[in-house]
Amino acid sequence: MVRVYATYRYLQAFPVDFIKIDKSFVQMASVDEISGHIVDNIVELARKPGLSIVAEGVETQEQADLMIGKGVHFLQGYLYSPPVPGNKFISEWVMKAGGLM
1 MVRVYATYRY LQAFPVDFIK IDKSFVQMAS VDEISGHIVD NIVELARKPG
51 LSIVAEGVET QEQADLMIGK GVHFLQGYLY SPPVPGNKFI SEWVMKAGGL
101 M
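The sequence shown begins at 1 in the UniProt record's numbering and counts up by one.
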């Protein structure tokens, strides 16, 4: 078993704007109680210092609704779009949204 320890001061030293929730937790949060608790703890960890929260791997509306209900700010995954190159993202999403993001 590998254990990694970090002091609070060490964690504060990172220039972090957001925390991303791994798709494995997103996909299991509605069916596995422990995964749901892990997501809750990640959200709480991010909320206190005012970090944005991104859930990756959102594939169903149920997953999207659950993440939004838990306080996740941003969702990404096949429910919205497959992965696209940056230039295609700009032309298809940003420009269609009137340049506002």
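Ideal Cβ placement from N, Cα and C applies to all residues, glycine included.
Note that the structure is a prediction, hence the values are computed from the model and not measured.
Bounding residues of the beta strand (DSSP E) (the contiguous stretch that carries residue i)
{"i": "Ile19", "result": "Phe18 to Ile21"}
Residues bridged to residue i [DSSP beta-bridge criterion]
{"i": "Phe74", "result": "Val54"}
Status (buried if at least 16 other CB within 10 Å, exposed otherwise) for residue i
{"i": "Leu45", "result": "exposed"}
{"i": "Phe89", "result": "exposed"}
{"i": "Gln27", "result": "buried"}
{"i": "Ile34", "result": "exposed"}
Separation of residue j from residue i, as counted between CA atoms
{"i": "Val94", "j": "Gly69", "result": "26 Å"}
{"i": "Val84", "j": "Tyr78", "result": "11 Å"}
{"i": "Met101", "j": "Val43", "result": "Unreliable placement is indicated for Met101, whose pLDDT of 49 sits below 50; the coordinate value is still reported in the next sentence. In a straight line, the C-alpha of Met101 is about 23 Å away from that of Val43."}
{"i": "Tyr10", "j": "Ser30", "result": "33 Å"}
{"i": "Ala13", "j": "Asn41", "result": "21 Å"}
Nearest residue (CA-CA) to residue i, options the options
{"i": "Pro82", "options": "Glu56, Lys48 and Ser30", "result": "Glu56"}
{"i": "Ala64", "options": "Lys23, Ile38 and His37", "result": "Lys23"}
{"i": "Ile19", "options": "Ile34, Val54, Leu75 and Ile38", "result": "Val54"}
{"i": "Pro15", "options": "Gly86, Asn87, Asn41 and Leu51", "result": "Leu51"}
{"i": "Ile21", "options": "Gly71, Pro49, Gly86 and Asn87", "result": "Gly71"}
{"i": "Gln76", "options": "Glu59, Gly86 and Lys48", "result": "Glu59"}
Run of the alpha helix (DSSP H) containing residue i, from where it starts to where it stops
{"i": "Ala46", "result": "Glu33 to Arg47"}
{"i": "Phe89", "result": "Gly86 to Phe89"}
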